[in-house]
Amino acid sequence: MVSGLTVGLLLLLPAVFAAPVQRSLPAPISAASARTALASLTVSAEVNTPAYDRDLFKTWDIISGTCDTRETVLKRDGTNVVTSTACAATSGTWVSPYDGISFTVSSQLDIDHVVPLKEAWVSGARNWTPAQREAFANDLTRPQLVAVSASSNRSKDPALWVPPLASFRCTYARAWVQVKQFYSLTIDSAEKAALTSLLASC
């Protein structure tokens, strides 16, 4: 666990998140698949030795032309997004899926890693190569990067934090498990218990 809000996992509302064409993060695996994947994950205590350093995860990569990962996510997740010749989003509308808050200024948004970089580090990424950590930090294929309100972007773990917007919690749990399984990251016992409760409510 890292930090976050008080546990409130048992009264949850299911959610089905939009497909990429509808301007959202890639749709995560189904709840049934997530439950199966969760059962396959290795349960192990988190290890922060050597200590986590944000600089060990390179961001943001150039994706196309002059557009980097952040700019690509902003264009994907927004509506009527207008960009400058340098690919910066100059206007548009975004709705943070974590809390439902709307924005029209892209600088007020953070690009969140659903599974945070520190969480990845203590769950196995400390053993990766720099290239593997860079790929994780810029992954646009898995449901790992999403534009959210700056206030809702924090180091987090489902055992201590869930999105304030209840209708997104099922999507959040499915995405978390998918990313952890794809990257062969471990989970701790409290995290597994929290995810089990979340997925049971999907």
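Numbered according to mature numbering (1 follows the signal peptide of the UniProt record, and there is no 0), the sequence shown spans residues -18 to -1, 1 to 184.
Beta carbons: idealized from backbone N, C-alpha and C, even for Gly.
Q.
Helix, strand or coil for Cys49? Go by DSSP, reduced to three states.
A. Taking the first residue of the sequence shown as 1, we reach residue 49 at position 67. In the structure shown, Cys49 sits in a strand (DSSP, three-state: E or B).
Q: Using only alpha-carbon positions, find the residue among Cys152, Thr54, Val104 that is nearest to Ser15.
A: By one-based count along the sequence shown, residue 15 stands at place 33. Nearest option by C-alpha distance: Cys152.
**Q.** Option nearest Trp76 by Cα separation, candidates Asn30, Ala68, Thr86
**A.** In the sequence shown, the residue the question calls residue 76 occupies position 94. Minimum Cα distance to Trp76 is reached at Thr86.
Q. When burial is assigned at 16 or more other CB atoms within 10 Å of the CB, is Leu177 buried or exposed?
A. Here residue 177 corresponds to residue number 195 of the sequence shown, with the count starting at 1. Buried is the call here.
Q) What number of angstroms, rounded off, separates the C-alpha of Leu20 from the C-alpha of Asp35? A) Position 38 of the sequence shown, counting from 1, holds the residue named residue 20. Position 53 of the sequence shown, counting from 1, holds the residue named residue 35. About 27 Å.
Q. Where do the N-terminal and C-terminal ends of the alpha helix (DSSP H) with Thr178 fall, by residue?
A. Indexing the sequence shown from 1 puts residue 178 at position 196. Counting along the chain, the alpha helix (DSSP H) containing Thr178 begins and ends at 171 to 182.
**Q.** Reduced DSSP category for Val161 - H, G, I as helix; E, B as strand; rest coil
**A.** Locating residue 161 in the sequence shown gives position 179, counting from the first residue. In the structure shown, Val161 sits in a helix (DSSP, three-state: H, G or I).
Q: Identify, in the order they occur along the chain, each residue of the same chain with its Cβ nearer than 6 Å to the Cβ of Glu116, setting aside the five sequence neighbours on each side.
A: Your numbering for residue 116 matches position 134 in the sequence shown. Within the same chain, Glu116 has close Cβ partners Lys40.
Q. Since Val144 is in the alpha helix (DSSP H), which residue starts that stretch and which ends it?
A. Position 162 of the sequence shown, counted from the start, is the residue given in the question as residue 144. No alpha helix (DSSP H) contains Val144, which DSSP labels as neither H nor E.
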